[in-house]
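The block underneath contains the structure these notes are about, expressed in structure tokens.
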Amino acid sequence: MTEAEVRPNAARPLIVVSSRTGNTMILAHAICDALPGAELVRATALPEDLSTFNPVLLGFWCDRGHAPEDMMAAARRLSGKRIGCFATMGGNPEDESAKRWMKTTAEELVGLGDNNELAETFLCRGRIDPEVFERMTAMLGGSVSAEREARRQASETHPDRIDLARGAEIFRGVFGANW
Numbered sequence: 001m002t003e004a005e006v007r008p009n010a011a012r013p014l015i016v017v018s019s020r021t022g023n024t025m026i027l028a029h030a031i032c033d034a035l036p037g038a039e040l041v042r043a044t045a046l047p048e049d050l051s052t053f054n055p056v057l058l059g060f061w062c063d064r065g066h067a068p069e070d071m072m073a074a075a076r077r078l079s080g081k082r083i084g085c086f087a088t089m090g091g092n093p094e095d096e097s098a099k100r101w102m103k104t105t106a107e108e109l110v111g112l113g114d115n116n117e118l119a120e121t122f123l124c125r126g127r128i129d130p131e132v133f134e135r136m137t138a139m140l141g142g143s144v145s146a147e148r149e150a151r152r153q154a155s156e157t158h159p160d161r162i163d164l165a166r167g168a169e170i171f172r173g174v175f176g177a178n179w
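Written out as structure tokens, the structure is:
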């Protein structure tokens with residue numbers, strides 16, 4: 001029996017994801033597997049009735065310094081939810097600027113709805129879309145600095161198994177089986 005069959009009227013986790021290259025979707029699946037009874041949907045396919053879902057986890061990528069528009073539209077529909085946010089980006093998630101971005105973006109998303117509470121965040125590296133990298137390179141004059149190339153290469157293998165395990169453990173620890 002599934003969790004929904006055992007507790008048909010009980011709240012259960014909803015994981016809402018916006019993923020361009022697949023990085024965030026991979027992370028979303030790992031987190032979903034860690035939360036029994038969780039449902040995973042794309043931000044563009046949010047269910048009409050959200051009353052049976054709590055907590056709600058929002059997974060997104062860094063879109064020019066913001067959450068993508070489909071995620072912001074989904075967040076506007078949330079009311080009275082405990083929210084967890086997770087994201088992927090091409091930069092180092094341990095940099096202070098990355099941490100500030102995650103905190104600010106998560107707070108912005110939570111605030112788009114009504115009476116929501118931010119419970120936890122998680123940020124990890126993700127592969128950089130080659131098309132985006134080329135476009136940014138052209139915008140920056142066509143050359144790639146050694147530092148920028150090192151950041152791109154460091155992101156190539158992410159999210160990796162350690163990232164997936166950390167993300168799953170963080171949200172299992174916060175929401176556990178008792179949400």
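Under UniProt numbering, the sequence shown is numbered contiguously, ending at residue 179.
Cβ coordinates follow ideal geometry from the N, Cα and C atoms, glycine included.
Nonlocal neighbours in the same chain, by C-beta distance under 6 Å from residue i, ignoring five residues either side
i	result
Cys-62	Met-89
Asp-33	none
Val-110	Ile-83, Asn-116, Leu-118
Arg-18	Note that residue 18 is Ser in the sequence shown, not Arg. So the qualifying residues of the chain are Ala-43, Phe-60, Pro-68, Asp-70, Met-71.
Ala-38	Pro-13, Ile-15, Cys-32
Met-100	Note that residue 100 is Arg in the sequence shown, not Met. Correct list: empty, nothing qualifies.
Residue from the options with nearest C-alpha to residue i
i	options	result
Thr-52	Pro-13, Glu-94, Glu-131, Thr-121	Pro-13
Arg-20	Glu-69, Glu-48, Arg-77, Asp-160	Glu-69
Glu-107	Ala-38, Met-72, Arg-151, Asp-160	Met-72
Val-174	Ser-18, Val-17, Thr-104, Leu-57	Leu-57
Gly-80	Asp-114, Val-17, Arg-127, Gly-59	Asp-114
Asp-49	Gly-65, Val-132, Ala-11, Ala-67	Ala-11
Val-16	Ile-128, Arg-64, Ala-45	Ala-45
Arg-64	Asp-129, Ala-146, Ala-38	Asp-129
Close-in-space but distant-in-sequence residues of the same chain around residue i (CB under 7 Å, 5 per side omitted)
i	result
Met-102	Ala-87, Thr-121, Leu-123
Gly-176	none
Phe-133	Arg-152
Thr-137	Val-144
Arg-148	none
Arg-127	Thr-21, Asn-23, Ser-155, Glu-156, His-158
Distance between beta carbons of residue j and residue i, contact taken as under 8 Å
i	j	result
Ala-75	Leu-112	4 Å
Pro-55	Gly-84	6 Å
Leu-78	Arg-172	Incorrect: roughly 21 Å between the Cβ atoms, too far for contact.
His-66	Thr-105	7 Å
Own chain residues within Cβ distance below 8 Å of residue i, not counting five before or after
i	result
Arg-125	Thr-88, Met-89, Gly-90, Gly-91, Asn-92, Pro-93, Ala-154, Ser-155, His-158, Pro-159, Asp-163
residue 236	Since the displayed the chain opens at 1 and closes at 179, residue 236 lies outside it and no answer follows.
Ala-98	Met-89, Gly-91, Asn-92, Leu-123
Glu-169	Ala-34
Asp-95	none
Min CB distance residue i to chain C below 8 Å
i	result
Thr-44	Among the chains of the structure shown, chain C does not appear; only one protein chain is present.
Any contact between the region 26-42 and the region 159-171? By contact I mean 3 or more CB pairs, one from each, below 8 Å.
yes
Note down, one range per segment and in chain order, each beta strand (DSSP E) of at least 3 residues found wholly within the region 11-39.
12-17
Runs of alpha helix (DSSP H) lying entirely within the region 63-89, each at least 4 residues, in chain order:
69-76
Alpha helix (DSSP H) runs contained entirely in the region 111-141, provided each spans 4 or more residues:
Listed in chain order, the alpha helix (DSSP H) runs fully inside the region 111-141 are 130-139, counting runs of at least 4 residues.
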